[in-house]
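> Heads up: the sequence shown at position 225 corresponds to 218 in the numbering used here, and the numbers run straight through without jumps.
Glycine is no exception: its CB is placed at the ideal position from the N, C-alpha and C atoms.
First, the structure itself, so that you have it in front of you.
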Amino acid sequence: MKITGIVAEYNPFHMGHQYQLNEARNRYHSDANIIVMSGDFTQRGAPAVVDKYTRARIALESRADLVLMLPITASTATAEHFADAAVSSLIHTGIVDQMLFGAESDDISLFHKVADILVEEPAAYVDLLKNELKSGVSFPVAREHALSEILDIDDFFLSTPNNILGIEYVKSLKKRASSIEPIAMKRIGASYHDASIPDDIASFASASAIRKVLKKGNPEAIQSILSDVLDEPMLRPLLEQVEEHCILDRDDCSLLLHEKLICTDDYSVFQDCSEELSNRIKNSRDQYMTWGQLNDLLKTKEMTYSRISRVLSHILLDLTKEDEELAKSKDIPYLRVLGFSKKGSELLRLLKENCDVPVIFNPKDADTLLDEDALYLFKKDLQAADLYRAILTSKTKKVYKTEYTRKFDLTNI
(Lines of atoms letter the chains of each structure in order from A and count residues from 1; the text may use other names and numbers.)
(Lines give C-alpha, C1' and ligand atoms only; values in the text may rest on other atoms or scores of the structure.)
Protein backbone atom coordinates (compact mmCIF):
# COMPACT_ATOMS: atom_id res chain seq x y z
CA MET A 1 0.00 0.00 0.00
CA LYS A 2 1.40 3.40 -1.02
CA ILE A 3 0.47 6.07 1.52
CA THR A 4 0.66 9.81 0.88
CA GLY A 5 1.03 12.44 3.58
CA ILE A 6 -0.38 15.93 3.10
CA VAL A 7 -0.11 18.94 5.42
CA ALA A 8 -3.08 21.29 5.33
CA GLU A 9 -5.20 23.82 7.16
CA TYR A 10 -8.36 23.43 5.04
CA ASN A 11 -9.38 26.90 6.15
CA PRO A 12 -11.74 26.21 4.50
CA PHE A 13 -11.55 23.15 2.25
CA HIS A 14 -11.92 24.12 -1.43
CA MET A 15 -11.60 22.75 -4.96
CA GLY A 16 -7.82 23.15 -4.97
CA HIS A 17 -7.64 20.80 -2.00
CA GLN A 18 -9.97 18.36 -3.75
CA TYR A 19 -7.74 18.50 -6.83
CA GLN A 20 -4.67 17.71 -4.71
CA LEU A 21 -6.33 14.68 -3.11
CA ASN A 22 -7.49 13.45 -6.51
CA GLU A 23 -4.00 13.90 -7.97
CA ALA A 24 -2.51 11.98 -5.05
CA ARG A 25 -4.65 8.99 -6.07
CA ASN A 26 -4.63 9.35 -9.85
CA ARG A 27 -1.24 10.82 -10.72
CA TYR A 28 0.92 9.74 -7.79
CA HIS A 29 -0.71 6.32 -7.29
CA SER A 30 -1.61 6.80 -3.65
CA ASP A 31 -3.72 4.08 -2.07
CA ALA A 32 -4.52 6.21 0.98
CA ASN A 33 -4.09 9.82 2.09
CA ILE A 34 -3.10 10.91 5.60
CA ILE A 35 -3.68 14.57 6.42
CA VAL A 36 -1.89 16.50 9.16
CA MET A 37 -4.25 19.42 9.74
CA SER A 38 -4.18 22.50 11.94
CA GLY A 39 -6.70 22.45 14.76
CA ASP A 40 -8.73 25.43 15.95
CA PHE A 41 -6.11 28.12 15.27
CA THR A 42 -4.02 28.55 12.13
CA GLN A 43 -0.62 29.70 10.94
CA ARG A 44 -1.95 33.08 9.86
CA GLY A 45 -2.50 33.86 13.55
CA ALA A 46 -6.28 33.56 13.63
CA PRO A 47 -9.02 31.15 14.65
CA ALA A 48 -9.97 28.70 11.93
CA VAL A 49 -12.99 29.90 9.98
CA VAL A 50 -14.88 26.77 11.10
CA ASP A 51 -14.05 24.20 13.77
CA LYS A 52 -11.55 21.38 13.24
CA TYR A 53 -14.15 18.60 13.28
CA THR A 54 -16.19 20.20 10.49
CA ARG A 55 -13.06 20.71 8.40
CA ALA A 56 -11.92 17.13 9.03
CA ARG A 57 -15.31 15.76 8.00
CA ILE A 58 -15.29 17.71 4.72
CA ALA A 59 -11.81 16.36 3.96
CA LEU A 60 -12.88 12.79 4.71
CA GLU A 61 -15.84 13.17 2.35
CA SER A 62 -13.36 14.31 -0.30
CA ARG A 63 -10.90 11.36 -0.50
CA ALA A 64 -8.85 11.93 2.64
CA ASP A 65 -8.60 8.76 4.75
CA LEU A 66 -7.10 9.77 8.07
CA VAL A 67 -6.92 13.25 9.63
CA LEU A 68 -4.39 13.95 12.39
CA MET A 69 -4.20 17.24 14.28
CA LEU A 70 -1.10 19.42 14.27
CA PRO A 71 -0.44 20.56 17.87
CA ILE A 72 -1.26 24.18 18.74
CA THR A 73 2.38 25.04 19.48
CA ALA A 74 3.14 24.36 15.80
CA SER A 75 -0.08 25.29 14.01
CA THR A 76 0.34 28.96 14.95
CA ALA A 77 4.13 29.02 14.57
CA THR A 78 6.59 30.23 11.94
CA ALA A 79 6.83 28.38 8.64
CA GLU A 80 9.93 26.54 9.88
CA HIS A 81 8.36 25.23 13.10
CA PHE A 82 4.99 24.57 11.42
CA ALA A 83 6.61 22.52 8.66
CA ASP A 84 9.03 20.66 10.92
CA ALA A 85 6.29 19.55 13.32
CA ALA A 86 4.05 18.49 10.43
CA VAL A 87 6.85 16.46 8.83
CA SER A 88 7.67 14.93 12.20
CA SER A 89 4.03 13.86 12.56
CA LEU A 90 4.14 12.09 9.20
CA ILE A 91 7.44 10.40 10.03
CA HIS A 92 6.18 9.19 13.42
CA THR A 93 3.27 7.39 11.77
CA GLY A 94 5.84 4.98 10.37
CA ILE A 95 3.68 4.31 7.32
CA VAL A 96 3.96 7.34 4.99
CA ASP A 97 5.80 6.77 1.69
CA GLN A 98 5.51 10.15 0.00
CA MET A 99 4.66 13.72 0.97
CA LEU A 100 2.67 15.80 -1.49
CA PHE A 101 2.57 19.58 -1.14
CA GLY A 102 1.16 22.33 -3.29
CA ALA A 103 3.52 25.09 -4.38
CA GLU A 104 4.00 27.81 -6.94
CA SER A 105 6.66 25.61 -8.58
CA ASP A 106 6.67 21.86 -9.20
CA ASP A 107 10.43 21.67 -9.82
CA ILE A 108 11.40 19.50 -6.84
CA SER A 109 15.10 19.83 -7.72
CA LEU A 110 14.97 23.52 -6.77
CA PHE A 111 13.46 22.67 -3.39
CA HIS A 112 16.27 20.16 -2.82
CA LYS A 113 18.96 22.70 -3.78
CA VAL A 114 17.65 25.34 -1.38
CA ALA A 115 17.08 22.83 1.42
CA ASP A 116 20.63 21.49 1.04
CA ILE A 117 22.04 24.99 1.62
CA LEU A 118 19.83 25.54 4.65
CA VAL A 119 20.76 22.19 6.19
CA GLU A 120 24.51 22.35 5.46
CA GLU A 121 24.93 26.14 5.93
CA PRO A 122 28.14 26.55 3.89
CA ALA A 123 30.42 29.45 4.83
CA ALA A 124 29.60 31.43 1.68
CA TYR A 125 25.90 31.36 2.53
CA VAL A 126 26.47 32.29 6.18
CA ASP A 127 28.62 35.28 5.16
CA LEU A 128 25.99 36.51 2.71
CA LEU A 129 23.28 36.11 5.33
CA LYS A 130 25.27 38.09 7.92
CA ASN A 131 25.87 40.91 5.45
CA GLU A 132 22.18 41.09 4.58
CA LEU A 133 21.20 41.19 8.25
CA LYS A 134 23.69 44.00 8.86
CA SER A 135 21.88 46.04 6.21
CA GLY A 136 18.82 46.10 8.46
CA VAL A 137 16.42 43.82 6.59
CA SER A 138 14.36 41.17 8.36
CA PHE A 139 15.67 37.61 8.64
CA PRO A 140 13.29 36.15 6.00
CA VAL A 141 14.32 38.83 3.50
CA ALA A 142 18.01 38.39 4.36
CA ARG A 143 17.73 34.64 3.84
CA GLU A 144 15.90 35.12 0.56
CA HIS A 145 18.59 37.47 -0.77
CA ALA A 146 21.45 35.23 0.36
CA LEU A 147 19.91 32.12 -1.20
CA SER A 148 19.09 33.95 -4.42
CA GLU A 149 22.69 35.08 -4.81
CA ILE A 150 24.39 31.82 -3.94
CA LEU A 151 22.06 29.61 -6.01
CA ASP A 152 21.12 32.06 -8.76
CA ILE A 153 17.42 31.39 -8.16
CA ASP A 154 14.86 34.12 -8.80
CA ASP A 155 13.27 35.87 -5.82
CA PHE A 156 9.78 34.70 -6.81
CA PHE A 157 10.62 31.08 -6.09
CA LEU A 158 12.05 31.98 -2.68
CA SER A 159 9.35 34.40 -1.56
CA THR A 160 5.97 32.86 -2.38
CA PRO A 161 4.10 31.39 0.63
CA ASN A 162 3.69 27.81 -0.55
CA ASN A 163 7.23 27.58 -1.91
CA ILE A 164 8.52 28.78 1.47
CA LEU A 165 6.60 26.01 3.22
CA GLY A 166 7.73 23.50 0.61
CA ILE A 167 11.37 24.41 1.21
CA GLU A 168 10.83 23.91 4.93
CA TYR A 169 9.18 20.51 4.35
CA VAL A 170 12.11 19.29 2.26
CA LYS A 171 14.62 20.74 4.72
CA SER A 172 12.95 18.93 7.61
CA LEU A 173 12.91 15.63 5.71
CA LYS A 174 16.64 16.02 4.99
CA LYS A 175 17.51 16.94 8.59
CA ARG A 176 15.71 13.84 9.77
CA ALA A 177 17.19 11.62 7.05
CA SER A 178 13.67 10.50 6.24
CA SER A 179 12.88 8.04 3.47
CA ILE A 180 9.63 9.89 2.71
CA GLU A 181 9.74 11.21 -0.86
CA PRO A 182 8.72 14.89 -1.21
CA ILE A 183 6.62 15.77 -4.27
CA ALA A 184 5.86 19.36 -5.29
CA MET A 185 2.57 19.79 -7.11
CA LYS A 186 2.04 23.10 -8.89
CA ARG A 187 -0.92 25.08 -7.61
CA ILE A 188 -3.51 25.98 -10.20
CA GLY A 189 -6.22 28.61 -10.06
CA ALA A 190 -6.13 31.61 -7.73
CA SER A 191 -2.94 32.57 -5.93
CA TYR A 192 -2.58 32.21 -2.16
CA HIS A 193 -3.47 35.85 -1.39
CA ASP A 194 -6.01 36.34 -4.19
CA ALA A 195 -9.20 37.63 -2.54
CA SER A 196 -11.33 37.63 -5.71
CA ILE A 197 -13.88 34.97 -6.59
CA PRO A 198 -13.41 33.46 -10.09
CA ASP A 199 -16.27 32.98 -12.52
CA ASP A 200 -16.42 29.19 -12.46
CA ILE A 201 -15.56 26.15 -10.38
CA ALA A 202 -12.64 25.18 -12.62
CA SER A 203 -10.72 28.32 -11.64
CA PHE A 204 -10.30 27.27 -7.98
CA ALA A 205 -11.04 30.16 -5.61
CA SER A 206 -8.43 30.67 -2.89
CA ALA A 207 -9.13 30.09 0.80
CA SER A 208 -8.60 33.84 1.36
CA ALA A 209 -11.33 34.69 -1.14
CA ILE A 210 -13.75 32.16 0.35
CA ARG A 211 -13.13 33.44 3.90
CA LYS A 212 -13.84 36.98 2.70
CA VAL A 213 -17.22 35.87 1.31
CA LEU A 214 -18.10 33.86 4.42
CA LYS A 215 -17.63 36.97 6.56
CA LYS A 216 -20.65 38.54 4.81
CA GLY A 217 -22.85 36.44 7.07
CA ASN A 218 -25.82 36.24 4.68
CA PRO A 219 -26.48 32.57 3.77
CA GLU A 220 -28.40 33.39 0.57
CA ALA A 221 -25.76 35.79 -0.71
CA ILE A 222 -22.96 33.40 0.23
CA GLN A 223 -24.64 30.48 -1.51
CA SER A 224 -25.19 32.59 -4.61
CA ILE A 225 -21.49 33.50 -4.77
CA LEU A 226 -19.84 30.27 -3.65
CA SER A 227 -22.07 27.74 -5.41
CA ASP A 228 -20.09 28.50 -8.58
CA VAL A 229 -16.71 27.71 -6.99
CA LEU A 230 -17.41 24.96 -4.41
CA ASP A 231 -18.96 21.53 -4.76
CA GLU A 232 -22.05 20.86 -2.66
CA PRO A 233 -20.27 18.63 -0.07
CA MET A 234 -17.87 21.52 0.61
CA LEU A 235 -20.44 24.31 0.57
CA ARG A 236 -23.21 22.67 2.60
CA PRO A 237 -21.32 22.45 5.93
CA LEU A 238 -20.08 26.02 5.51
CA LEU A 239 -23.62 27.31 4.95
CA GLU A 240 -24.75 25.43 8.06
CA GLN A 241 -22.02 27.18 10.03
CA VAL A 242 -23.02 30.56 8.55
CA GLU A 243 -26.66 30.02 9.53
CA GLU A 244 -25.53 29.26 13.10
CA HIS A 245 -23.23 32.35 13.09
CA CYS A 246 -20.25 30.05 13.65
CA ILE A 247 -17.86 31.64 11.14
CA LEU A 248 -14.94 33.04 13.14
CA ASP A 249 -12.24 35.59 12.39
CA ARG A 250 -9.54 37.43 14.34
CA ASP A 251 -11.86 40.25 15.34
CA ASP A 252 -14.15 37.81 17.16
CA CYS A 253 -11.25 37.38 19.61
CA SER A 254 -10.74 41.10 20.25
CA LEU A 255 -12.25 41.28 23.74
CA LEU A 256 -10.44 38.17 24.99
CA LEU A 257 -7.19 39.47 23.53
CA HIS A 258 -7.63 42.81 25.30
CA GLU A 259 -8.22 41.02 28.60
CA LYS A 260 -4.96 39.12 28.07
CA LEU A 261 -3.03 42.28 27.18
CA ILE A 262 -4.04 44.21 30.30
CA CYS A 263 -2.91 41.38 32.58
CA THR A 264 0.81 41.89 31.96
CA ASP A 265 3.29 44.49 30.73
CA ASP A 266 5.91 42.11 29.35
CA TYR A 267 4.89 40.17 26.26
CA SER A 268 8.41 39.10 25.33
CA VAL A 269 7.87 35.83 27.19
CA PHE A 270 5.41 34.76 24.51
CA GLN A 271 6.31 32.73 21.44
CA ASP A 272 7.96 34.81 18.66
CA CYS A 273 7.60 38.13 20.52
CA SER A 274 10.70 40.36 20.64
CA GLU A 275 11.40 42.99 23.29
CA GLU A 276 10.82 45.70 20.71
CA LEU A 277 7.42 44.32 19.68
CA SER A 278 6.50 43.79 23.32
CA ASN A 279 7.08 47.48 24.02
CA ARG A 280 5.03 48.54 21.00
CA ILE A 281 2.16 46.28 22.05
CA LYS A 282 2.23 47.83 25.53
CA ASN A 283 2.12 51.34 24.04
CA SER A 284 -0.74 50.47 21.67
CA ARG A 285 -2.96 48.20 23.73
CA ASP A 286 -5.39 50.97 24.74
CA GLN A 287 -5.69 52.49 21.27
CA TYR A 288 -7.72 49.90 19.40
CA MET A 289 -11.18 48.37 19.28
CA THR A 290 -10.53 45.28 17.15
CA TRP A 291 -7.70 42.81 16.64
CA GLY A 292 -7.32 44.03 13.08
CA GLN A 293 -6.92 47.62 14.23
CA LEU A 294 -4.19 46.61 16.69
CA ASN A 295 -2.43 44.68 13.94
CA ASP A 296 -2.46 47.79 11.76
CA LEU A 297 -1.04 49.89 14.60
CA LEU A 298 1.83 47.44 15.13
CA LYS A 299 2.74 46.72 11.50
CA THR A 300 6.08 48.06 10.28
CA LYS A 301 8.18 47.67 7.14
CA GLU A 302 10.31 45.06 8.90
CA MET A 303 7.45 43.14 10.53
CA THR A 304 4.70 41.50 8.48
CA TYR A 305 1.01 41.54 9.33
CA SER A 306 1.04 37.74 9.66
CA ARG A 307 3.95 37.69 12.09
CA ILE A 308 2.28 40.27 14.33
CA SER A 309 -0.98 38.35 14.23
CA ARG A 310 0.84 35.13 15.16
CA VAL A 311 2.39 36.86 18.17
CA LEU A 312 -1.00 38.19 19.25
CA SER A 313 -2.47 34.71 18.88
CA HIS A 314 0.31 33.35 21.10
CA ILE A 315 -0.55 35.93 23.76
CA LEU A 316 -4.23 35.01 23.46
CA LEU A 317 -3.44 31.29 23.73
CA ASP A 318 -0.83 31.74 26.46
CA LEU A 319 1.87 30.08 24.36
CA THR A 320 5.27 31.05 25.72
CA LYS A 321 8.77 30.68 24.39
CA GLU A 322 9.30 27.98 27.03
CA ASP A 323 6.31 26.11 25.62
CA GLU A 324 7.79 26.31 22.13
CA GLU A 325 11.18 25.07 23.31
CA LEU A 326 9.54 22.20 25.18
CA ALA A 327 7.55 21.27 22.08
CA LYS A 328 10.68 21.29 19.94
CA SER A 329 12.64 19.23 22.47
CA LYS A 330 9.87 16.64 22.64
CA ASP A 331 9.52 16.58 18.84
CA ILE A 332 5.98 15.26 18.31
CA PRO A 333 5.15 13.33 21.50
CA TYR A 334 1.70 12.13 20.36
CA LEU A 335 -0.62 11.92 17.37
CA ARG A 336 -4.22 13.10 17.78
CA VAL A 337 -6.78 11.47 15.50
CA LEU A 338 -9.62 13.75 14.38
CA GLY A 339 -11.32 11.33 12.02
CA PHE A 340 -10.97 8.55 9.47
CA SER A 341 -12.72 6.98 6.49
CA LYS A 342 -13.50 3.31 6.02
CA LYS A 343 -10.12 2.88 4.36
CA GLY A 344 -8.70 4.92 7.22
CA SER A 345 -9.68 2.18 9.65
CA GLU A 346 -7.12 -0.02 7.88
CA LEU A 347 -4.57 2.79 8.25
CA LEU A 348 -5.27 2.86 11.97
CA ARG A 349 -4.31 -0.80 12.21
CA LEU A 350 -1.02 -0.03 10.44
CA LEU A 351 -0.56 3.04 12.61
CA LYS A 352 -0.89 1.04 15.81
CA GLU A 353 1.71 -1.43 14.51
CA ASN A 354 4.25 1.14 13.28
CA CYS A 355 3.78 4.44 15.13
CA ASP A 356 6.46 5.16 17.74
CA VAL A 357 4.47 7.71 19.79
CA PRO A 358 1.10 7.39 21.56
CA VAL A 359 -1.96 7.73 19.33
CA ILE A 360 -4.84 9.58 20.99
CA PHE A 361 -8.39 8.95 19.83
CA ASN A 362 -10.21 10.23 22.89
CA PRO A 363 -8.76 13.10 24.99
CA LYS A 364 -9.78 11.20 28.10
CA ASP A 365 -7.02 8.68 27.35
CA ALA A 366 -4.21 11.26 27.42
CA ASP A 367 -3.64 11.04 31.17
CA THR A 368 -2.65 7.39 30.93
CA LEU A 369 -0.87 7.49 27.55
CA LEU A 370 1.36 10.56 27.90
CA ASP A 371 4.30 11.47 30.11
CA GLU A 372 4.30 14.71 32.10
CA ASP A 373 5.75 16.97 29.39
CA ALA A 374 3.65 15.51 26.59
CA LEU A 375 0.52 15.82 28.74
CA TYR A 376 1.35 19.48 29.41
CA LEU A 377 1.58 20.12 25.66
CA PHE A 378 -1.60 18.17 24.98
CA LYS A 379 -3.44 20.29 27.53
CA LYS A 380 -2.32 23.35 25.55
CA ASP A 381 -4.27 21.87 22.63
CA LEU A 382 -7.29 21.43 24.88
CA GLN A 383 -7.01 24.98 26.22
CA ALA A 384 -6.96 26.30 22.65
CA ALA A 385 -10.09 24.26 21.92
CA ASP A 386 -11.75 25.66 25.05
CA LEU A 387 -10.90 29.19 23.98
CA TYR A 388 -12.30 28.57 20.49
CA ARG A 389 -15.46 27.18 22.11
CA ALA A 390 -15.75 30.25 24.36
CA ILE A 391 -15.46 32.56 21.35
CA LEU A 392 -18.18 30.57 19.57
CA THR A 393 -20.42 30.74 22.63
CA SER A 394 -19.95 34.49 22.89
CA LYS A 395 -20.82 34.96 19.22
CA THR A 396 -23.73 32.52 18.90
CA LYS A 397 -25.13 32.70 22.46
CA LYS A 398 -25.10 28.90 22.54
CA VAL A 399 -23.26 26.48 24.81
CA TYR A 400 -20.94 23.97 23.11
CA LYS A 401 -19.58 20.75 24.52
CA THR A 402 -15.96 20.54 25.58
CA GLU A 403 -13.34 18.21 24.12
CA TYR A 404 -14.10 15.88 27.04
CA THR A 405 -17.90 16.01 27.00
CA ARG A 406 -18.57 16.01 23.27
CA LYS A 407 -19.71 12.64 21.93
CA PHE A 408 -16.70 10.61 20.86
CA ASP A 409 -17.62 10.28 17.21
CA LEU A 410 -14.69 9.82 14.86
CA THR A 411 -15.98 10.32 11.34
CA ASN A 412 -16.20 6.84 9.82
CA ILE A 413 -17.16 7.66 6.23
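Could you tell me whether the Cβ atoms of Q264 and L319 are closer together than 9 Å?
No, Cβ-Cβ distance for Q264 and L319 is not below 9 Å.
> Are the region 107 to 116 and the region 89 to 96 touching, with three or more C-beta to C-beta distances below 8 Å?
Cβ pair count under 8 Å is below three, so no.
> Work out the CA separation of L232 and A195 for me, nearest whole Å.
Because A195 sits at a pLDDT of 46, beneath the cut-off of 50, its placement in the model cannot be relied upon, and the point is left open.
> Please give the ranges of any alpha helix (DSSP H) in the region 59 to 142, keeping only runs that are unbroken, at least 4 residues long and fully inside the region.
Runs of the alpha helix (DSSP H) inside the region 59 to 142: 65 to 68, 72 to 86, 101 to 113 and 116 to 127.
> Is the number of C-beta pairs between the region 11 to 25 and the region 68 to 81 that are closer than 8 Å three or more?
No, the region 11 to 25 does not touch the region 68 to 81.
> For M8 and L362, what's the separation of their Cα atoms in angstroms?
Answer to the nearest angstrom: the Cα atoms are 37 Å apart.
> By Cβ distance, which residues of its chain are closer than 6 Å to P212, with the 5 residues on each side in sequence left out?
Result list for P212: L232, V235 and E236, in chain order.
> Excluding the 5 residues preceding and the 5 following V112 in the sequence, name in chain order all residues of the same chain whose CB lies nearer than 8 Å to its CB.
K164, K167 and K168.
> Rounded to whole angstroms, what's the CA-CA distance from L351 to I325? Just pull it up for me.
The question names Leu, but residue 351 is Pro in the sequence shown. Rounded to the nearest angstrom, the two C-alpha atoms are 10 Å apart.
> Identify every run of the beta strand (DSSP E) within the region 271 to 337, keeping only runs that are complete inside it and at least 3 residues long; order them along the chain.
328 to 333, all fully within the region 271 to 337.
> Nearest by alpha-carbon distance to A17: which of T386, I84, G(-2) and D358 is it?
The shortest C-alpha separation from A17 is found at G(-2).
> Report the three-state DSSP secondary structure of I173 (helix, strand or coil).
Residue state, collapsed to three classes: coil.
> Can you list, in chain order, the residues of its chain whose CB lies under 6 Å from that of A72, leaving out five sequence neighbours each side?
Counting only Cβ-Cβ distances below 6 Å, and skipping sequence neighbours, we find I157, L158 and E161.
> In whole angstroms, what separates the C-alpha of L309 from that of I255?
Approximately 11 Å, taken between the alpha carbons.
> Taking Cβ to Cβ, would you say G38 is nearer than 9 Å to R300?
Yes, the pair counts as a contact, with Cβ atoms nearer than the cut-off.
> Mapping the DSSP letters down to three states, classify K345 as helix, strand or coil.
Helix, per DSSP.
> L248 to D379, Cα distance in whole Å?
Each residue's alpha carbon lies about 16 Å from the other.
> Please state the DSSP three-state secondary structure of S389.
Per the sequence presented here, residue 389 reads as Thr, with Ser not at that position. Three-state result, T389: helix.
> Return yes when the Cβ of L270 is within less than 9 Å of the Cβ of Q280, no when it is not.
Result no, Cβ atoms of Q280 and L270 do not sit closer than 9 Å.
> Using a Cβ distance threshold of 8 Å, determine whether the region 170 to 183 contacts the region 338 to 355, with at least three qualifying pairs required.
Taking 8 Å as the limit for Cβ pairs, the verdict is that the region 338 to 355 does not touch the region 170 to 183.
> Using only the alpha-carbon positions, how far apart do E114 and K390 sit?
Each residue's alpha carbon lies about 53 Å from the other.
> Can you grab the Cα-Cα spacing for the pair Y397 / K205, in whole Å?
Between Y397 and K205, the C-alpha separation is close to 32 Å.
> Taking the alpha carbon of K253 as the point to measure from, which residue in H307, V222, I203 and L291 has its own alpha carbon closest?
Ranking H307, V222, I203 and L291 by Cα distance to K253 puts H307 first.
> A52 and V60: beta carbons closer than 9 Å?
Their beta carbons are under 9 Å apart, which means A52 touches V60 by this criterion.
> Quick check: M62 and G32, are their CB atoms within less than 9 Å of each other?
Their beta carbons are under 9 Å apart, which means M62 touches G32 by this criterion.
> Whole angstroms is fine: what's the gap from H138's alpha carbon to K336's?
For H138 and K336, the distance between alpha carbons rounds to 45 Å.
> Can you round the beta-carbon distance between I384 and L207 to whole angstroms, since I take them to be within the 8 Å contact cut?
16 Å between Cβ atoms; not a contact.
> Note the first and the last residue of the continuous beta strand (DSSP E) segment covering G159.
It is not in any beta strand (DSSP E) - G159 instead sits in the alpha helix (DSSP H) that spans P154 to K168.
> Taking 9 Å as the cut-off, decide whether the C-beta atoms of D316 and T283 are in contact.
Not in contact: D316 and T283 (Cβ atoms no closer than 9 Å).
> Buried or exposed: N4, going by 16 or more other Cβ atoms within 10 Å of its Cβ?
Buried is the call here.
> Looking only at C-alpha atoms, which of V119, L144 and K394 sits nearest to F132?
Comparing Cα positions, the closest option is V119.
> Within a Cβ cutoff of 6 Å, which residues of the same chain sit near H74, ignoring the five residues on either side of it in sequence?
Contacts found: A67.
> How about L14 and A49: are their beta carbons less than 9 Å apart?
It is not a contact, given that the beta carbons lie outside the stated cut-off.
> Taking the alpha-carbon positions, what's the S217 to L223 distance?
Cα to Cα, the separation comes out at about 11 Å.
> When you compare only the Cα positions, how much space is there between E142 and S152?
Those two C-alpha atoms are separated by around 14 Å.
> Can you grab the Cα-Cα spacing for the pair I(-4) / E365, in whole Å?
When rounded, the distance between both Cα atoms is 32 Å.
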